[in-house]
Structure formats: structure tokens, C-alpha cells
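Asks: Residue numbers (UniProt numbering): 1 to 234. We put the beta carbon where it would ideally sit given N, CA and C, even for glycine.
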Amino acid sequence: MTDRALYDSIAATWPAAQVRSLGPWTLRDGAGAGNRVSATTATGDVTARDIDQAEAAGSNLFMLRPWEGALDAELDARGYALKDPTLLMTAPVDRVTPPRPAPFGAFTIWPPMESQIEVWEAGGIGPERRAVMDRVTTPKTAIMGRAGNRVAGAAFAAIDRDTAMIHAVEVTQDSRRQGVAHKMMGRAAIWAQDEGASTFAILVTRQNTAARALYASLGLTVVGHYHYRFKATP
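#1: Does the beta-carbon distance from M165 to A158 come in below 8 Å?
#2: By how many angstroms is the C-alpha of A70 removed from the C-alpha of A210?
#3: Would a C-beta distance cut-off of 8 Å place A33 and E114 closer than the cut-off?
#4: Which residues in the same chain have their Cβ closer than 7 Å to the Cβ of R20, if we skip the five residues on either side of it in sequence?
#5: How close, in whole Å, do the beta carbons of T13 and T138 come, if the pair is a contact with beta carbons under 8 Å?
#6: In the DSSP assignment, find the beta strand (DSSP E) that holds P24 and state where it starts and stops.
#7: What does residue 245 pair with, by DSSP beta-bridge criteria?
#8: Quick check on V136: does DSSP put it in helix, strand or coil?
#9: Name the residue from D194, G179, G196, Y226 whose alpha carbon lies nearest to the alpha carbon of I202.
#10: Of all the options R212, L61, R161, which has the alpha carbon lying nearest to the alpha carbon of D29?
#11: Identify every residue that forms a DSSP beta bridge with K83.
#12: What are the start and end residues of each continuous alpha helix (DSSP H) run of 4 or more residues lying completely inside the segment 141–195, in chain order?
#13: Count the C-beta pairs between the segment 134–148 and the segment 182–194 that are closer than 8 Å, then say yes if the count reaches three, no if not.
#14: Tell me which residues share the same chain as M1 and place their Cβ nearer than 7 Å to its Cβ, disregarding the 5 neighbours each side in the sequence.
#15: Thinking C-beta only, is G153 closer than 8 Å to V171?
#16: At the level of alpha carbons, what is the spacing between M89 and V204?
#17: To the nearest whole angstrom, what separates the beta carbons of L87 and R4, a pair I think is in contact under 8 Å?
#18: If you run the structure through DSSP and keep just helix, strand and coil, what is L64?
#19: Return the chain-ordered list of same chain residues with a C-beta closer than 8 Å to the C-beta of G126, the five sequence neighbours on each side being excluded.
#20: Give every residue of the same chain whose Cβ lies closer than 6 Å to the Cβ of F107, excluding the five residues on either side of it in the sequence, and list them in chain order.
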């Protein structure tokens, strides 16, 4: 069974701009930073009337987690389309951590350097998503990956309780399949271990088979999942 606390860690390490409660719902304003910080989530069992209430408040995007099959079916019946099935993968930090000293080719730094920001920008991780990183109040860092003498990758890591969550992993197009992401994950694991985390976690879309293979090679396994239900407004 999925540890529901891991879903709390997702929210803590990638927080919305604003959050408010409405009945059995948590409503989010992502300030343009994507689905994860904008989706409405249920805090318990909901009824058809509760869904009506959320819709009246402007919700048209919901995140569905493994235990919410009834809600998922109701939203499907209401015409909400399935969007972005995503896997939650974890491993003990010690399993992902490479031998020390840390391998050359990846570093941690906060705040991120301009060269890292350029990598994110090229991958579509703009100022709205970087503002999410700035909002995190727990231990956090940015990971820089290098290919030769140039910056070729960037990622963000933050810790909630004993879990280090990795977000915003991006490698430049011309540096892929050169081990950049592998080195960044190893460096992130060293940082997480030094910060006292025991679990290493990452999110990956189901269709991203290359990233899933990389994370599996590092010892991560699928422990949970979520997807969105979305309905375009008239």
C-alpha cells in the first residue's frame, strides 16, 4: 500500500502559491506553475454535491491518488479527461548514494546559478516554476550537472521529514544519454543523506520510459501513482 505521507511530501516540497480549504477539498492556486500546484485534492470521502461545490468554486482540475477510485469514476462520468498519469518512485537513500567522494560532474548549490536557470528555461521550467522552488521552506538545493566543461543539467531537491523529493530534472538535448542525469541523482542522494533523509523519491510521467529506466537502474521502485482529471471550461 502506498504511504500516503509521501503525497504530503510532494506538496511540501513543491508548494502552491495559495492553498485554501472548502469542505472536503484542498483548493490550490499555482500562479501559472503547472498542474501539480494547481490541482484540487480531496481530504476525505466526497459526494456528488461536494463535487458540485468544488466546481462552483472554479475547480476544473483534480489530482486523483490510488485510494480515490470512486472519485475518479465520478469525474470520468462527468466528462473529465484523464491527464498525465505519473509514477512515484522511491528507494532508500543509501541505495542511490554513490561511493564517496562524490563523483565529479555534479554539484549542489543554492540559490541556483544562471547557467542552471538557462538549462531549466530551455526545458520549459520558467520563472513560475522556479518561484515554487523559492517558496519551499524546508532544506533544499539545486543540482548542477556537467558534460565536459559545460553545464548540461539542472534539478531541484527538497526534504520533507525523512524524504528527499527530486523535482524539475532537466538535461540539455545535446547532452542526453551521457550520464548527466545519473550523476545528478547520485549527487542529490549524497546531499539528502547529509541532510538526514532516509528515503529518496522522484516523480516521473508514465510515458517517460527513458527516465523510468534510469531511476530503476538506481534502485528506485514504483510505490505509488497519481493522475489528473481535467475539464475545459466553456
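Replies: Looking at the coordinates:
#1: Here residue 165 is taken as the residue at index 165 of the sequence shown, counted from 1. Here residue 158 is taken as the residue at index 158 of the sequence shown, counted from 1. Yes.
#2: Numbered from its first residue, the sequence shown carries residue 210 at position 210. Numbered from its first residue, the sequence shown carries residue 70 at position 70. Near 32 Å, if we compare the C-alpha coordinates of A70 and A210.
#3: Translated into the one-based positions of the sequence shown, residue 33 becomes position 33. Translated into the one-based positions of the sequence shown, residue 114 becomes position 114. Their beta carbons are not under 8 Å apart, which means A33 does not touch E114 by this criterion.
#4: Position 20 of the sequence shown, counting from 1, holds the residue named residue 20. Hits under 7 Å: L27.
#5: Within the sequence shown, numbered from 1, the residue matching residue 13 stands at position 13. Within the sequence shown, numbered from 1, the residue matching residue 138 stands at position 138. Contact holds; Cβ gap of about 7 Å.
#6: Within the sequence shown, residue 24 is the residue found at index 24, counting from 1. Where P24 is concerned, there is no enclosing beta strand (DSSP E), given that its DSSP letter is neither H nor E.
#7: What is shown of the chain runs 1 to 234, which leaves residue 245 out entirely.
#8: Reading the sequence shown from its first residue, position 136 is the one you call residue 136. Coil, per DSSP.
#9: Along the sequence shown, one-based indexing puts residue 202 at 202. The shortest Cα separation from I202 among D194, G179, G196, Y226 belongs to Y226.
#10: Locating residue 29 in the sequence shown gives position 29, counting from the first residue. Proximity to D29 across R212, L61, R161 peaks at L61, based on C-alpha coordinates.
#11: Counting from one through the sequence shown, the residue named residue 83 turns up at place 83. In the DSSP output, where bridge partners are listed per residue, K83 has Y228.
#12: Listed in chain order, they are 180–194.
#13: yes
#14: Numbered from 1 along the sequence shown, position 1 holds the residue referred to as residue 1. Legend: pLDDT at M1 = 41, less than 50; position of this residue unreliable, value from coordinates given subsequently. Same-chain partners within the cutoff: there are none.
#15: Stepping through the sequence shown from its first residue, residue 171 is reached at position 171. Stepping through the sequence shown from its first residue, residue 153 is reached at position 153. Closer than 8 Å, so yes.
#16: Looking up residue 89 in the sequence shown gives position 89. Looking up residue 204 in the sequence shown gives position 204. About 8 Å.
#17: Position 87 of the sequence shown, counted from the start, is the residue given in the question as residue 87. Position 4 of the sequence shown, counted from the start, is the residue given in the question as residue 4. Going by Cβ atoms, the distance from L87 to R4 rounds to 16 Å, so no, they are not a contact pair.
#18: Stepping through the sequence shown from its first residue, residue 64 is reached at position 64. In this structure, L64 counts as strand in the three-state DSSP scheme.
#19: Numbered from 1 along the sequence shown, position 126 holds the residue referred to as residue 126. Once the five neighbours on either side are set aside, the close Cβ partners of G126 are W120.
#20: On the sequence shown, position 107 is the one that residue 107 refers to. Excluding residues within five positions, the ones whose Cβ falls inside 6 Å are M144.
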